[in-house]
Amino acid sequence: MIMSYHPSLLPLAAICVSLLATVPILLSDRRPNLRESWTLLAAIGKFCLVAVMLPSVLAGEGFVLTLAEVVPGVPIQLRVDAMGMFFALVASFLWIFTSIYSIGYMRSLEEHDQTRYFASFAVAIGATIGVAFSANLLTLYLFYELLSLSTYPLVTHKQNDEARASGRKYLSFILGTSIGLVLPAMLITYMVAGTLDFMPGGILAGQASSATLSLLLVLFLFGFAKAALMPMHGWLPAAMVAPTPVSSFLHGVAVVKVGVFSILRVIFGIFGTDLLGELDLGLTITVVASLTILVASLIALTQDNLKRRLAYSTIGQLSYMVLGAGMLSAAGMTGGLLHIAMHAFGKITLFFCAGAIYVASHKKYISEMDGLGRRMPLTYGAFLLGSLSIIGMPPLGGFISKWNLLLGAIEGQQLLLVAVLVGSSLLNAAYFFPIVYRGFFISPAGEPDNPGIQEAPLCCLIPLLTTAVLSLGLFFFPDVLLQLVRQALAL
Amino acid sequence: MTATNLHLYVMAVPLLSAFAVNLFGRRYRAAIGPVAVSALGFSTIAALLTLLRVLQQGGYRYTVGNWQPPYGIELVIDPLSALMLLLISAVALTAAIGALKSTEQELPGREHLFFTLYLILVAGLLGLVMTGDAFNLYVLLEITSITTYGLIAMGGGRAPLASFNYIIMGSIGACFYLLGVGYLYILTGTLNMADIASILPGLESHAAMATAFGFMLVGLWVKMAFFPLHNWLPNAYSLAPTGAGMMIAPLMTKVTVYLMIRVMFSIFSPEYTFFAHSGVQAGIVWVAALAILCASALALAQRNLRRMLTYILVAEVGYMVGGVWLANTTGMTGAVLHIVNDALMTLCLFLAAAAIVYRTGSLEFDKLRGLYRRMPLTMAAFTVGAFSMIGVPPTCGFFSKWYLILGAVEAGHWEFVVALVLSSLINAVLFFRIIEIAYFQKPEQAAAGGLLAGEAPLLLLKPLLVAAVALLAVGIGSGPLVSQVIRLALPSGMVP
Amino acid sequence: MNQLLTEIVAKYNYWLYVVLMMIGFYAMIGKRNLVKKLLGMNIFQTAIILFYVSTGVKRGAKIPIVDKYAALSQGVDPGQIINPLPHVLMLTAIVVSVSVTGVALAILVRIYRRYGTLEEDEILEKIRS
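Protein chains in written order, with our numbering: chain W, 1 to 491; chain Y, 492 to 987; chain D, 988 to 1116.
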């Protein structure tokens, strides 16, 4: 359907709720309970503001707001359309759970500098929603950079040498690619097309030679390093040194999804699927994505550190989303876009479990986690549900997205892609099931049966159980998300 | 004081107050600050009014003392010079407020001398951007230079030697410029810029014209520290007293870039500048790209914050010279916008350095540990300045890079694009090194008292925060700034 | 060759200024003593001043000081009077040159007090140690 847009302050309000909450958070340094309640208030407020816009978007009425005309023809502009709403809904909803989880995690471990942590978090989620609601490439770039910079204090929270080294890696990959690749690409696009707005059908059709367009696509694909397409994936495993709530949210849901979202915006809004089809550029995208999926899954098999294994799993799953878009078929693109949500719910569950395991037992390595499942049955149960969703088994949400991807590959008669999809699902199972199996069925070697370890604290347990159940629920009730995706793809 | 005289008062008031400060400053020490600040405040407001007038009613020419041109000296107030007037007076005002504290600490008992030179320097700069006479330009250029030599020599340690080196190099530059003006005088018989501009196209292309152009340009390049003629700058600017550095660094090189623009477009025409001698335009863009890269590389080797900033300053000069010589409107827009933006960024960073040195006494990297805890507001402003240098939206640095890169892409000068992108990345490395040291490492002594106990004094902090906010405001306001002021300020006759 | 020689002889004053300029330039850059550098700067500036003054000269003309009443009654023939404008400009330039020299000398006094020498290499050694 054709969307019509009305001016409204709602998108700005949604972004600013958490940006403004930074101030009271910083000021309530001495009173942790007050500070935590500001975070929660902002989280719930943000979700409500986003949800308020949902019915109108579903009916085809979006919102737009121009903030400042900074370059002729390219204002800083916010626009709420189906795709943006989809991403913002998922991100703001999951942030509520992450906030609750963070509070529990940080307090149990008595981490230092919690004020800075929560303040940076607030800015980061504001930037994420900003990316979701960007109307053009410049605004997206602005919020993308803001996200990179505001997550730096979060990644380097521990402030030790390891954190500093990963912080450097994080910035050199992410800032280096956004300044070195995206900025020139953005400027060339502006010069060629005269505008940077995201239009259905793209703005580049017929504006430049196919060589230029191919170059631009490659620059964008690798420039948005947050999407972790190989070889721009190196920062993600390094960023696992951050506290688990940071890893779970930002690297399982927000930062990496922003990368994929940006690539998808460029594919749908700047290039347009027709142009990509004409120039056979879909092939480029699928090749890069497939390679990343396979290599990442293989590396994940070799990782003993639980969070690193999850990180490589994320790298692979992100490429599923890009792969779906690259297929340029209806089912494929639906699957790719939908996987943003399904993977988010599943992965956040898995990271929550990893954090819960750390809080309860201080264990980081899978080889040490034998028999833990019997002591922490709820946590491991949630882990099972999350991993089933990522692998793509019914009755979990991930099945819907992966099924669509498979359908897209079959429809397009791309048998190689079918093989990649099936093969990588098997690999996913291969690196997830052992964790659960060993947790439940293998006794810990040597030491007695882990006497002091019990289930994780409630503040950690409730979020992870909720997201696990929601992964289950999304299989049965995917309607809202599916409708948003279909609307976004104009199907 | 009618509206048509206002611009003269912009320059005259600091000049007269300089004399007042000198005569009465030693006795009435407490009056120095208010006199200087109010003089500069008046200049800023008057400059703002002048700019508004010019935007509404168009530029105008003013004959000094009613001696008619081409024999008398003419002042030209067009959008570009009005913009520069506002920039200079605003930056000088902000820096003066910060300098009050710095000189109190570094030059006790000599503040009246410092501010005399400071105010004459500002008056000279203001006159420099208004003048319409080529020889008058030389005189004002030397006025600003002499006061700068004096200000830099007031610093301790190696500063006099650095200042002497600057005298030698600066005089070479000024004399080259004078030589160029001499050739022009022989050719045209007049010194008025507009007059020369009307006579020159009628002459056949002469070796003398090319020589004049070459000499004037090289002379100005020495003055603005365009690589490889930049050797004097790092020493001179980093060893100067803090209060002097925070005003000289943002303004001197930018005003000299403005002078280069005037020479290129108001004395010679765009057709001559860019197209008369083939290869010159492209060659200079290559040199500019090289300048950016070499200066950024040299900055990487520095261990002192202020020295690092001076090398970055040399790289920024490369941005502006390259942008002007790209020979298209977008590049020029970028260069003029960068004059404004770089002045503000440099002001912010030098003020932050001044605040740090006021509290901790040193700017060596290993003394900067844990600064985020000790001086959170200063470091917050420093971070905004750093982001602007790197080119992160919505700070202003991003938008001038936008136009410069776009101009380079349009002109096909890919080496300049590469240099700009690499320079942004190197700036990111440079500034994040400092952010890392200030963020990760624990301070040597724990800060006693509350959160803001170790913070810089208010007189240093307020201008710093104003500068940091200005970076964001100018960035977000780039659209109106470009479309309503800079587009008018661009010299006419440019290739679109 | 003959052509070249006539050129040089005809404009011998300009060649002289070029030589002076080069001497001054060399002294500024090549000499190690700071006072010599300063002298070089002065020579350089003087050469330019002479250059300017030369541009105003006319063959067989008189200096630009005329009798007031003679000028008012009979007018002035510009061809008979050398151009006074460059002289005036150079007065300004001389003032600038003197001011710079003054500031430079003051700085040299300061340097001498601190390092006890005015040789550049000795000063650099003292700084390094």
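No residue lacks a Cβ here, since even glycine has one placed at the ideal position from N, Cα and C.
Would you grab the beta carbon distance between residue i and residue j for me? Rounded to a whole angstrom, and I think it's under 8 Å.
i      : j      : result
W/A165 : W/K257 : Going by Cβ atoms, the distance from W/A165 to W/K257 rounds to 25 Å, so no, they are not a contact pair.
W/S210 : W/L154 : Rounded, the Cβ-Cβ distance is 41 Å, inconsistent with contact.
Y/K892 : Y/L911 : 6 Å
W/F351 : W/L310 : 6 Å
Grouping DSSP H, G and I as helix and E and B as strand, with all else coil, what is residue i?
i       : result
Y/T554  : strand
Y/M492  : Annotation note: pLDDT 43 at Y/M492 (below 50); position unreliable, coordinate value reported separately. Coil at Y/M492, not helix or strand.
Y/I568  : strand
W/Y5    : strand
Y/P987  : Reliability fails at Y/P987, whose pLDDT of 49 lies under 50, so the model's placement of it is uncertain and the value that follows must be treated cautiously. Note: Y/P987 maps to coil in three-state DSSP.
D/F1063 : The sequence as given places Val at residue 1063 of chain D; Phe does not occur at that position. Three-state DSSP puts D/V1063 in coil, outside helix and strand.
W/E111  : coil
W/K46   : helix
Y/R924  : helix
W/V485  : helix
W/N33   : helix
W/Q303  : coil
W/T195  : coil
D/I1068 : strand
Y/R517  : coil
Closest to residue i by C-alpha separation, out of the options, would be which residue?
i       : options                        : result
W/M393  : W/G412, W/G346, W/L416         : W/G346
W/L142  : Y/K745, Y/A790, Y/P884, Y/A509 : Y/P884
W/Y380  : W/D280, W/S401, W/S425, W/I435 : W/I435
Y/T702  : Y/F718, Y/W723, Y/L911, Y/V672 : Y/V672
Y/I925  : Y/Y657, Y/V912, Y/F878, Y/I896 : Y/F878
Y/G646  : Y/F931, Y/T607, Y/N819, Y/S729 : Y/S729
D/L1021 : Y/R798, Y/G710, Y/L652         : Y/L652
W/L89   : W/I76, W/R107, W/L65, W/L49    : W/L49
D/L1037 : D/L1026, D/S1060, D/M1077      : D/M1077
Y/L897  : Y/G822, Y/P599, Y/S654         : Y/G822
Y/S689  : Y/S757, Y/P948, Y/D833         : Y/S757
W/M240  : W/R31, W/G252, W/M106, W/L421  : W/G252
W/G336  : W/Q159, W/S319, W/G126, W/L350 : W/S319
W/Y117  : W/S172, W/T151, W/L109, W/S178 : W/T151
Y/L804  : Y/F873, Y/I847, Y/S787         : Y/S787
W/L482  : W/N428, W/E411, W/N404         : W/N404
Against residue i, what residues of chain Y qualify as contacts under a CB-to-CB distance less than 9 Å, listed in chain order?
i      : result
W/R30  : Within 9 Å Cβ-Cβ: nothing; W/R30 doesn't reach chain Y, min ~10 Å.
W/L544 : Outside the displayed span of chain W (1 to 491) sits residue 544 of chain W, for which this structure offers no information.
In chain Y, which residues lie with their C-beta within 8 Å of the C-beta of residue i?
i       : result
W/Y190  : L897
W/L283  : Near W/L283 there are no residues of chain Y at all, since even the closest Cβ is about 28 Å away, more than 8 Å.
W/I179  : I881, G882, V912, S915, L916, A919
D/T1042 : G673, Y676, I677
D/R1097 : A644, P651
Kindly list, in the order they appear in chain W, the residues whose Cβ is closer than 7 Å to that of residue i.
i      : result
Y/E807 : Chain W residues near Y/E807: none, gap ~17 Å exceeds 7 Å.
Note down, in chain order, every chain W residue with its Cβ under 9 Å from the Cβ of residue i.
i      : result
Y/S787 : Here the premise fails: no neighbours, minimum Cβ distance about 13 Å.
Y/V776 : By Cβ distance, chain W contributes nothing, its closest Cβ being about 17 Å from Y/V776, past 9 Å.
Report the neighbours of residue i on chain W: residues whose CB is nearer than 8 Å to its CB, in chain order.
i      : result
Y/A780 : In chain order: nothing, as chain W lies at least about 15 Å away.
Which chain Y residues sit within Cβ distance under 7 Å of residue i?
i       : result
D/Y1039 : G673
W/E145  : V883, P884
W/G176  : L916
W/Y141  : P884
Following a CB-centred definition, is residue i positioned closer than 7 Å to any heavy atom of the ligand MG?
i      : result
W/L154 : With respect to the ligand MG, the structure offers nothing, as it holds no ligand at all.
Run down chain D in chain order and give the residues with a C-beta less than 9 Å from the C-beta of residue i.
i      : result
Y/S662 : M1015, M1028, F1031, Q1032, S1084, V1087, A1091
### Query
According to a CB-to-CB cut-off of less than 9 Å, which residues of the region 54-73 of chain W neighbour chain Y?
Answer set for the region 54-73 of chain W: L67, A68, E69, V70, V71, P72.
### Query
What residues in the region 151-170 of chain W bring their beta carbon closer than 9 Å to a beta carbon of chain Y?
Y152, P153, T156, Q159, N160, D161, A163, R164, G167, R168
### Task
Identify each residue in the region 876-896 of chain Y for which the Cβ-Cβ distance to at least one residue of chain W is less than 9 Å, and report them in chain order.
F878, I881, G882, V883, P884, P885, F889, F890, K892, W893, Y894, I896
### Selection of the region 1008-1032 of chain D by Cβ proximity to chain Y, strictly under 7 Å
M1015, L1021, K1024, M1028, F1031, Q1032
### Message
If the cut-off is 7 Å on Cβ atoms, which residues from the region 632-652 of chain Y count as contacting chain D, listed in chain order?
### Response
E633, I637, Y640, G641, A644, R649, P651, L652
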